[in-house]
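K.L.:
Protein chains in written order, with the UniProt record's numbering: chain R, 1 to 418; chain E, 1 to 418; chain W, 1 to 418; chain L, 1 to 418.
Written as structure tokens, this is what we have:
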């Protein structure tokens, strides 16, 4: 079956104009009311109108940590696809593709055709979307290596591909960035040779200037800033510091504290979530969802990870690991809370997450997990996984097993900085 | 959070009477029309009315292969729960439960409460359902062992539990059954000492008589017949034999051939599917769904299984394995067909399924799987699983890791035999 | 082939008398001399005389930490074998055995018979040895539970076996012991209700008195003291404290410091080694030996362990883990140093050892290892292991997968304390 | 520690002359005599004299199946080492080496030096040995591809290495060979385009002529013929056909039947064994040796393999797999027979070996094993392995994880054919 690339919705709820597609949608769900020990369930309906511009914007992407493994690989991936590169490997020539991208390689079911067969379209055919080939990249890095050198240091891509990309990547050079040793691991200081001078306030002003400069120079309609730098240390919420949008703007920072959420709401900006992607953690959420939804009582989850890239080194510092541990541990909570039949209030499985730095394995992330669940009448199910993720990056949508089990932002920056 | 046990729907679409709950539901989906290379998508809506009796019936369950590991364990599980048994194990006393049952241990989200918190109720609180404790069991088996002896042979349950169940199980004795060596493996003949004499027609008449007898003796409102016997050999569709309901009734058989489906439609009977449950195969469907939905191109799936119970021995015969292989292989097809971006027409991953009989492991099923998927730019993801399923049966709903990775019926019998 | 149980050596080098077996043995090896860049190899021969008493002694064993999982299981194992117990399990009756014991279940090749077939005898047929059934047990523990209660707490043995052992174990009660919170993890204080009062010197005197008392009461010829308590914290060598036998006797302690070795030599006492047994670590030594001996260059070894017994809790304290980490890491060093072709001076594989406390898995130790080795021309071999060790103890000889992946003594006490 | 490269033995038992090294060695062992239920053990000693030429011969190697993955990779490996090639990979430049070769990368302990330190020398320093760099290659193949093309088809080596080797490999072209479809899998016929015409007798004569031709043309002192072609079908011993050396020479064949052994003895030629090397099987022999020697009773061994190269395809034919299965199964027998304490006469573990053809994984062999062993008192140890062997060949000595888990010769040809 060939993926259809275009379709028209024939419905009074969908109106096409030359500029926009306007869709009305009734979102039906239920409201639950507790009245004297009885639950009352009432249907509710909300009418949404979605208006989508048919002309996609010229879009720039600025990466924090552009020269890291993720940043350099993402940039290389878009270039390789745009240039339709292919390169030799011992298993034959490989062609650039967007495997692992929800929008480029994922599909959506449109419905049934006359023969009762499901019709699937590529995810990116659903609505007008910017093609990743058209993205314009820029970014910051505390290391001054140009993107070609960064790509070589990352040791992610095949040599034959690196060779072809070299002249294109060489011209790309990260802007100076901000390095605060207390926030990322001290072991990163050897890389830090490309820094913005001055006070924090001056540094902030430079960052804002960089964004305006990029937008203007490249004649962009929009700029997205993505965190792909090292995991920062864990950040407590402090009253008067990062609890409100107003306080946040005085102290300026990039973690997903309440003030950042409030600010995003004020400016009607999306918060992209607090993790660029996911490998083992995503598989865990899928499996725990399956196990508990099946009525099995998962009793222990033990997750061991090791990797040898720069993120691994950064995470070998306790404070950075703490931040990662929090994000990795919480993935189970929702599922446990969804099943009060299996888990009493406050009860939860043993859950242990370990990340170790093992230089030899490089960017080939390894994850070893063990799930033990109780079955009826004292039976147990033990599921053991070993996952090897040899390089690879999901370019646009955060999903699958990507180059970044580790580049964990505590928040995509939603601040209207420029 | 405690699971709420009852709720009321306040909606004009739901009407409660003393006898029934009547619900109207608009099922909205889309129809796709291909017109000159263009896909047209039209919304459709179908109004369903669901009427559910508030008084649950007195329900009998007849198992084909009652004395097998599944049949004896399912019966024991219901008894242990009904009698609220507990028994000592080296890790402390265990209590009977229904872990692994969708209806008894699964939950459903009702909606959000006033604080925006999701409210979950047990699955069995959704609508009036028969409690598994109230099921009445009967069945057939080619082996004459009573259910207590069958339980001991199965080696599934802890000794301390078996001891308490013994007097209750001892009185249960399977009815004589039909043994056709060509349909299940010849290695089963040693068990076959409890057979209905006579011609095929006489045997059929006895089976029908058994069902009527059970219903009458136990004063049952309904009887469900479940196949939990060995996997039968693979069955081709033969014109004039099993292609229509009419032909089927002349030749009578229990596999899910087109005639059986037609007959079920004529009598408005549900077809329960073609597999009692699933262990490795279910995990595979979850993982392949995740991988391909994420845009990863899964290239090879290798699944090795071994087990040491009677099903393992039966499946060591090639024709029975063929039948199992078909059901286990097809699980990937839907996902591959859903993504024409990744897979060209006719392209599919290497997929290999092996089942071996290893007596020592007994009813502890082992599954070893390897999934290899391609990432962007030539990267690969290799996921290796080892799954140990120590005994256990999901009693009512077919799900989770149950005692039967193997007792694969080609069809739950939908025939109005009595 | 049946294991022969007795044999006679007919050789002028072996002389049997009613009391002893006296054997002369020439140990031939080589001496290497470095002379001006050239290695000279000279054969050497040393004549040993081994005299073995034919009458085995009445032997007592005192366990430090008698009430722990190891101590209680070892005692139970000897009792179960001595009493020839059998007990029901769901997989049939089990009989007491000494599987996992080098001396009781291991064999040795005697040589070839007239038909050129190898003849094997049980290890314990080689020379007169004390049968484990004849051992007399006693010991100390900081917890006052009697051995029956300790066995139940350990959750290691099947219920049916525990029941039969109970009256025999109940009468066994550990002597009060010494608890110094700084030396084992603080999380052990909840157990410490059975302590010797007084100063360190008074405690030492009581320990010596206990040994004399045990020997006298049971009319023993010899007493062996075995450490099976928690791993102590890592111990540095301090001049004037534990560096010589003389200093050690003033400060008295039980770790394998140089002073302890010197003292053992002075008294011609064997030092039993610094680890009671081995599970994952033993497998690692076998595999690394195999890999490097085969000329493969092992580049990374990552070992994850988790367990849920009291040792796991003790090891969750950093100082105790440090001690364990040292003993677990050194296993690779010898092999690396044995191959200067593969490893340059100072070069070694990445080696990472993690031990986590996961209460749910109890005494079922889990080990996940990953070995990555380089092959010729850039190929790699990745070996991943998952090892589940469900209870079990090797009673006499330290080997196999035993109940104690964790009860790591830093030294069997060689001190002539009584 | 640097590996010493040369040494001198100073002993009256070792005499160096300009041409030879002559060593006398007393091999001491024991003889066992059964006399009336008593075993008598008598020491024996045999004096051997080993004379080794100090001048290594000019040595040719002829490979049966030269153009296969093993043959082409072995040839490439020797060339890459001889030419001291290095090539780029994404993880940096790699240099040619002999990792995985017992003789080139293995070491041997010479003895202790004056400081009590063990002194290790490379295995190949023990006695004069031909360096693999000096080997001269030739061989036969049923496919006419030259060695460069064969190397590309094999997809084993990195592109950058292949590129440099191409001109050297291109000139090497296998001699026509013999293809008897009944002996290797019919699925190999597509490759068979390079065949010796004529009757079997004429084909044999041509093979003999090839050996003489190679020896003469290259001025070789010795020629070794190695089987590295596909696994042949299982071969029964037939009286009058392959039971004696005489019969064998009339019917001529290359499997390790009794006649071949007799012929080898008559000509004082070594029989190299019946398997070129081993991956999973070697690991199994190491682990089973360890487990049973430790007194653990291994109860089930389940070994699953899959691979995607031509050997995998050949082995997907039942008769070829049978041959492999026999060789893979027997590895456990010796260990089981060595321990009559654990295994009664005739008792053995469940042992199951599966090999599947999964094209996608190519020459990356995957092995999944599960070992279950019984511990004392009903405990069990379950060891699960996943082994990935990414290409690689052990060039001279058969060991380690090599390119040929599959190219199983039933016998290296010991026949004095030329």
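Yeah, the Cβ is synthetic: ideal placement off N, Cα and C, and Gly gets one too. Quick caveat, the model's predicted, so the values are computed rather than measured.
Taking beta-carbon pairs under 8 Å, can you tell me which members of the segment 286 to 303 of chain L lie near chain E?
P.N.:
Answer in chain order: 299, 300 and 302.
K.L.:
Would you call the segment 73 to 86 of chain L and the segment 130 to 140 of chain L touching, i.e. three or more CB-CB distances under 8 Å?
P.N.:
Segments in contact, yes.
K.L.:
Can you tell me whether residue 13(W) is buried or exposed, with buried defined as 16 or more other CB within 10 angstroms of its CB?
P.N.:
Looking at its Cβ environment, which holds fewer than 16 other Cβ atoms inside 10 Å, residue 13(W) is exposed.
K.L.:
Would residue 216(L) be called buried (16 or more neighbouring beta carbons within 10 Å of its own) or exposed?
P.N.:
Answer is exposed; the Cβ neighbour count stays below 16.
K.L.:
With a threshold of 16 other CB atoms inside 10 Å of the CB of residue 182(W), please say whether the residue is buried or exposed.
P.N.:
Result: exposed.
K.L.:
Helix, strand or coil for residue 202(E) per DSSP?
P.N.:
Helix, per DSSP.
K.L.:
What's the call for residue 109(L), buried or exposed, on a 16-neighbour Cβ count within 10 Å?
P.N.:
Residue 109(L) comes out exposed.
K.L.:
Could you give the distance in angstroms between the alpha-carbon of residue 52(W) and the alpha-carbon of residue 129(W)?
P.N.:
Approximately 10 Å between the Cα atoms of the pair.
K.L.:
How about residue 195(L) and residue 178(L): do their beta carbons lie closer than 9 Å?
P.N.:
In this structure, residue 178(L) lies closer than 9 Å to residue 195(L) by Cβ.
K.L.:
In whole angstroms, what separates the C-alpha of residue 39(L) from that of residue 321(E)?
P.N.:
Looking at the two C-alpha atoms, the distance is approximately 51 Å.
K.L.:
Between the segment 345 to 376 of chain L and chain C, which residues of the former have a C-beta closer than 7 Å to a C-beta of the latter?
P.N.:
Absent from the structure: chain C. Protein chains present are R, E, W and L.
K.L.:
Of the residues 304(E), 257(E) and 225(E), which one's Cα is nearest the Cα of residue 280(E)?
P.N.:
The option with the nearest alpha carbon to residue 280(E) is 304(E).
K.L.:
Which residues in chain L have a C-beta closer than 7 Å to the C-beta of residue 137(W)? List them in chain order.
P.N.:
In chain order: nothing, as chain L lies at least about 16 Å away.
K.L.:
In angstroms, rounded to a whole number, what distance separates the CA positions of residue 232(W) and residue 323(W)?
P.N.:
Rounded to whole angstroms, residue 232(W) to residue 323(W) spans 7 Å at the Cα level.
K.L.:
From the beta carbon of residue 267(R), is the nearest beta carbon of chain E less than 9 Å away?
P.N.:
Not closer than 9 Å to any Cβ of chain E, the Cβ of residue 267(R) fails to qualify, so no.
K.L.:
What residues of chain R sit near residue 384(W), judged by a beta carbon separation below 7 Å?
P.N.:
The contacting residues are 386.
K.L.:
Might you give, ordered along the chain, the residues of its own chain that have their beta carbon closer than 6 Å to the beta carbon of residue 224(E), omitting 5 neighbours on each side?
P.N.:
Answer for residue 224(E): 61, listed in chain order.
K.L.:
Tell me, please, which residues DSSP counts as bridged to residue 227(E).
P.N.:
Answer is 64(E), bridged to residue 227(E).
K.L.:
Quick check: the segment 254 to 268 of chain R against the segment 324 to 334 of chain R, are at least 3 beta-carbon pairs closer than 8 Å?
P.N.:
Taking 8 Å as the limit for Cβ pairs, the verdict is that the segment 254 to 268 of chain R does not touch the segment 324 to 334 of chain R.
K.L.:
Got a sec, what are the start and stop residues for the alpha helix (DSSP H) residue 75(L) sits in?
P.N.:
69 to 82 is the extent of the alpha helix (DSSP H) around residue 75(L).
K.L.:
So, helix, strand or coil for residue 183(E), using DSSP?
P.N.:
Three-state DSSP puts residue 183(E) in coil, outside helix and strand.
K.L.:
Three or more beta-carbon pairs under 8 Å between the segment 90 to 102 of chain E and the segment 287 to 295 of chain R, yes or no?
P.N.:
Contact holds: three or more Cβ-Cβ distances are below 8 Å.
K.L.:
Roughly how many angstroms lie between the CA atoms of residue 7(L) and residue 23(L), to the nearest whole one?
P.N.:
Spanning the two alpha carbons is a distance of roughly 15 Å.
K.L.:
Could you work out which residue in 54(L), 314(L), 221(L) and 343(L) is closest to residue 125(L) when comparing CA atoms only?
P.N.:
Closest by alpha carbon: 54(L).
K.L.:
What residue range does the beta strand (DSSP E) around residue 168(E) cover?
P.N.:
Careful: residue 168(E) lies outside any beta strand (DSSP E), inside the alpha helix (DSSP H) at 159 to 170.
K.L.:
Is the CB of residue 308(E) under 9 Å away from at least one CB in chain L?
P.N.:
It does: the Cβ of residue 308(E) has a partner Cβ on chain L nearer than 9 Å.
K.L.:
Where residue 93(E) and residue 149(E) are concerned, what is the direct C-alpha to C-alpha distance, given to the nearest angstrom?
P.N.:
Rounded to whole angstroms, residue 93(E) to residue 149(E) spans 24 Å at the Cα level.
K.L.:
Determine which residues of the segment 72 to 97 of chain L have a Cβ less than 9 Å from any Cβ of chain R, and write them out in chain order.
P.N.:
Taking 9 Å as the Cβ-Cβ cut-off against chain R, the residues of the segment 72 to 97 of chain L that qualify are 87, 88, 89, 90, 91 and 92.
K.L.:
Can you look up residue 114(E) in the DSSP assignment and give me helix, strand or coil?
P.N.:
The answer is coil: DSSP assigns residue 114(E) none of H, G, I, E or B.
K.L.:
Give me the chain R residues within the contact set of residue 156(L), using Cβ-Cβ distance strictly less than 8 Å, ordered along the chain.
P.N.:
Result: 90.
K.L.:
Could you compute how far the alpha carbon of residue 363(L) sits from the alpha carbon of residue 306(L)?
P.N.:
Whole-angstrom Cα-Cα distance: 10 Å.
K.L.:
Taking the C-alpha atoms as reference points, what is the distance between residue 20(L) and residue 50(L)?
P.N.:
Spanning the two alpha carbons is a distance of roughly 10 Å.
K.L.:
Take residue 32(R) as the anchor and find which of 208(E), 120(E) and 131(E) has the nearest alpha-carbon.
P.N.:
Nearest of 208(E), 120(E) and 131(E) to residue 32(R), Cα basis: 120(E).
K.L.:
Considering only their Cβ atoms, is the gap separating residue 219(W) from residue 58(W) smaller than 9 Å?
P.N.:
Against a cut-off of 9 Å, the Cβ pair of residue 219(W) and residue 58(W) comes out as a contact.
K.L.:
Under 9 Å, do residue 356(W) and residue 354(R) count as touching if we go by C-beta distance?
P.N.:
Yes, they are a contact pair.
K.L.:
Let me check understanding here. Comparing Cα to Cα, which of 338(L), 25(L), 74(L) and 197(L) lies closest to residue 176(L)?
P.N.:
It is 197(L) whose Cα lies nearest to the Cα of residue 176(L).
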